[in-house]
Structure formats: structure tokens, C-alpha cells
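Student: Residue numbers (the numbering used here): 123 to 263. We put the beta carbon where it would ideally sit given N, CA and C, even for glycine.
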């Protein structure tokens with residue numbers, strides 16, 4: 123019996139020794155999620171990953187209002203969640219537009235009712251918020 127177990131073990135070892143393992147799609151997703159997010163750079167040594175991360179994080183100027191809307195504002199203003207007026211809903215926006223753009227921008231920056239200050243764009247400048255409000259208003263008249 124010991125000889126049979128040893129023979130089977132030896133055969134399995136030979137089979138697995140020549141096998142190239144590949145990840146399943148689920149394992150690939152796990153590997154992607156747990157991969158390192160950075161590396162430590164020592165002063166005096168070149169660190170390309172850190173240089174490219176700094177370049178990627180550097181602001182490239184004001185963002186386009188349509189991009190800000192599509193990345194932040196749409197969640198509420200496309201669905202009407204919590205009473206948010208939907209972009210393009212002329213009837214819902216008309217009384218708001220009558221208050222004037224300065225009032226709308228003030229509400230967007232400081233919040234109103236269920237809308238938090240700056241909506242969900244905490245990294246937007248006041249000018250970007252104003253431009254985005256003007257974009258929404260332009261789409262809702």
C-alpha cells in the first residue's frame with residue numbers, strides 16, 4: 123500500500139510540475155484589487171511610479187461643466203432624488219431660474235434643502251460650480 127501511495131504521489135508531482143497555472147477570471151479580479159497601490163521611493167533613487175502619480179494628480183486647469191455634471195451632479199439631477207430638479211425639466215427649473223443665477227450658484231455652493239454644500243463636488247472651485255450651474259440652467263430653459 124505504501125508503494126502505491128508513493129507511486130501516485132510521484133505521478134501527481136510529475137503532472138503538476140509540468141502544469142502552467144493560470145488564474146480564473148475571479149482570481150484575476152482579486153489580484154487586481156489587492157495589487158500594491160504604490161511604492162516607497164528613497165531619496166536619491168529614481169522612482170518613476172511616484173513621478174507619474176504626481177503628474178497625473180497635477181491639475182490641468184478648470185474642468186468642463188458637462189464633465190463635472192456627468193461625474194457628480196447627474197446622480198441627483200438626472201433622477202430627481204430627494205426633490206432635486208431634473209436637468210431639462212423646464213417647469214421645475216423655471217421658478218429657480220427666476221431667482222437669478224447668483225442665487226442658484228449660492229445654493230449650489232452653500233447647499234439648500236437636501237443638497238449638501240457643493241453638491242457632491244467638494245474639489246470643485248467656485249468658478250467650476252458657477253459654470254456647471256450655468257450649464258444645467260442652459261439645458262433646462
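1. Going by C-alpha to C-alpha distance, which of 160, 220, 232 and 155 sits closest to residue 259?
2. Give the straight-line distance between the Cα atoms of residue 261 and residue 253, rounded to the nearest whole angstrom.
3. Looking only at its chain, what residues have a beta carbon closer than 6 angstroms to the beta carbon of residue 202, apart from the 5 residues adjacent to it on each side?
4. For the alpha helix (DSSP H) holding residue 248, just list the boundary residues, first then last.
5. Taking all protein chains shown into account, do 16 or more other C-beta atoms lie within 10 angstroms of the C-beta of residue 195, making it buried, or fewer, making it exposed?
6. Short check: CB of residue 257 to CB of residue 184, under 8 angstroms?
7. Should residue 162 go down as buried or exposed, given a rule of 16 or more other Cβ atoms within 10 Å for buried?
8. If I follow the unbroken alpha helix (DSSP H) through residue 198, where does it start and stop?
9. Using alpha carbons as the reference points, say which of 235, 206, 190 and 223 lies closest to residue 244.
10. To the nearest angstrom, report how far apart residue 175 and residue 216 are at their CA atoms.
Tutor: Reading it off the structure:
1. To locate residue 259, count along the chain shown from 1; it is residue 137. Per the Cα distances, 220.
2. Reading the chain shown from its first residue, position 139 is the one you call residue 261. Reading the chain shown from its first residue, position 131 is the one you call residue 253. For residue 261 and residue 253, the distance between alpha carbons rounds to 12 angstroms.
3. Residue numbering aside, residue 202 sits at position 80 when the chain shown is read from its first letter. Contacts found: 208.
4. Indexing the chain shown from 1 puts residue 248 at position 126. It spans 248-261 - the alpha helix (DSSP H) in which residue 248 sits, taken as one unbroken run.
5. Working through the chain shown from its first residue, we reach residue 195 at position 73. Buried, because 16 or more other Cβ atoms sit within 10 Å of the Cβ of residue 195.
6. The residue given as residue 257 occupies position 135 in the chain shown. The residue given as residue 184 occupies position 62 in the chain shown. No. Outside cutoff.
7. Here residue 162 refers to the residue found at position 40 of the chain shown. With fewer than 16 other Cβ atoms within 10 Å, it is exposed.
8. Taking the first residue of the chain shown as 1, we reach residue 198 at position 76. 196-199 is the extent of the alpha helix (DSSP H) around residue 198.
9. As a first step, residue 244 must be located in the chain shown, where it is residue number 122. Taking only the C-alpha atoms, the option nearest residue 244 is 190.
10. As a working mapping, residue 175 is identified with position 53 in the chain shown. As a working mapping, residue 216 is identified with position 94 in the chain shown. Only weak support exists for where residue 175 lies, its pLDDT of 49 falling under 50; the coordinates are left without a value.
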